[in-house]
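Going by my numbering, the sequence shown opens with residue 22, and the numbers climb by one from there.
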Amino acid sequence: MAMVNLREQPGLQELSNLMKDNPGLRWGNKVGILLLPVHYHRSCGDPLEYLRKAKSMIDRKKKSLEAHFSYKIGEMVMSYLGARAATLLNYRIFCNTTFSISNMFGPHEEIAAVGNPITYIRVNVSGLPTRCMQALTLHMMSYAGRADMQIQVAKDIIPDPEFLAKCFEEALLQMKAAVSTALNSKK
22 MAMVNLREQP GLQELSNLMK DNPGLRWGNK VGILLLPVHY HRSCGDPLEY
72 LRKAKSMIDR KKKSLEAHFS YKIGEMVMSY LGARAATLLN YRIFCNTTFS
122 ISNMFGPHEE IAAVGNPITY IRVNVSGLPT RCMQALTLHM MSYAGRADMQ
172 IQVAKDIIPD PEFLAKCFEE ALLQMKAAVS TALNSKK
């Protein structure tokens, strides 16, 4: 499952515009859901091939109406059936998803809060009911040219999260090396 930002104007909006009765700008999030198949492939020489296929599939799904339909369905359930039905719908979606991924762009420059430099920003979701069998939640956040990845696992399904994290790290390093090699060969 991938969450998609459906706002027409991404990023921060001017507060004065939000305070006006502007129909193009709304408070709050506008998030759609894409259901994605996960395929396992043994390494095939080029570590970027799987990434290219996955990116192609996600780009096609982003251009489709799937995310917009999922948002509209959630909005209609909330409007016509109420918060209890919307909660049940979200519960059913999240509890029947094995793996969810979130990728957020953070600030490009380092920032400070009250004069204290912020070294990293992390995003996480917790509090899924224990009956949910979501085996893996992966969050990735970029901040000032660095990427931070958090992995949340169900210990009864994935008993060795350190090994999984090492596999992700190794795969990302292989992709980085492949990109460096491709860029050097083009020069």
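A virtual CB, placed ideally from N, CA and C, is assigned to each residue, including glycine.
Cross-strand partners of residue i (DSSP beta bridge)
| i | result |
| --- | --- |
| residue 53 | 25 |
| residue 158 | 121, 173 |
| residue 164 | 167 |
| residue 138 | 133 |
| residue 115 | Beta-bridge pairing links residue 115 to no other residue. |
| residue 126 | 163 |
Where the beta strand (DSSP E) containing residue i begins and where it ends
| i | result |
| --- | --- |
| residue 171 | 167-174 |
Close beta carbons around residue i, own chain, < 6 Å, minus the five adjacent residues each side
| i | result |
| --- | --- |
| residue 91 | 53, 54 |
| residue 82 | 55 |
| residue 112 | none |
Nearest to residue i (by Cα), restricted to the options the options
| i | options | result |
| --- | --- | --- |
| residue 161 | 178, 175, 186 | 186 |
| residue 158 | 166, 144, 67, 165 | 144 |
| residue 67 | 193, 103, 188, 199 | 199 |
| residue 28 | 195, 88, 78, 69 | 88 |
| residue 189 | 170, 101, 77 | 170 |
| residue 177 | 155, 139, 73, 78 | 155 |
| residue 179 | 195, 120, 194, 207 | 120 |
| residue 85 | 167, 192, 173, 25 | 25 |
Residue i, buried or exposed, once every other Cβ within 10 Å from all chains shown has been counted against 16
| i | result |
| --- | --- |
| residue 136 | exposed |
| residue 118 | buried |
| residue 141 | exposed |
Spatial neighbours of residue i in its chain, beta-carbon cut-off 7 Å, leaving aside the 5 residues before and after
| i | result |
| --- | --- |
| residue 95 | 107, 110 |
Sequence-distant residues of the same chain with beta carbon closer than 8 Å to residue i, five excluded per side
| i | result |
| --- | --- |
| residue 127 | 142, 162, 163, 164, 165 |
| residue 98 | 106, 107, 110 |
N-terminal and C-terminal residue of the alpha helix (DSSP H) that residue i is part of
| i | result |
| --- | --- |
| residue 85 | Segment: none, residue 85 is in no alpha helix (DSSP H) and carries neither H nor E. |
| residue 200 | 182-207 |
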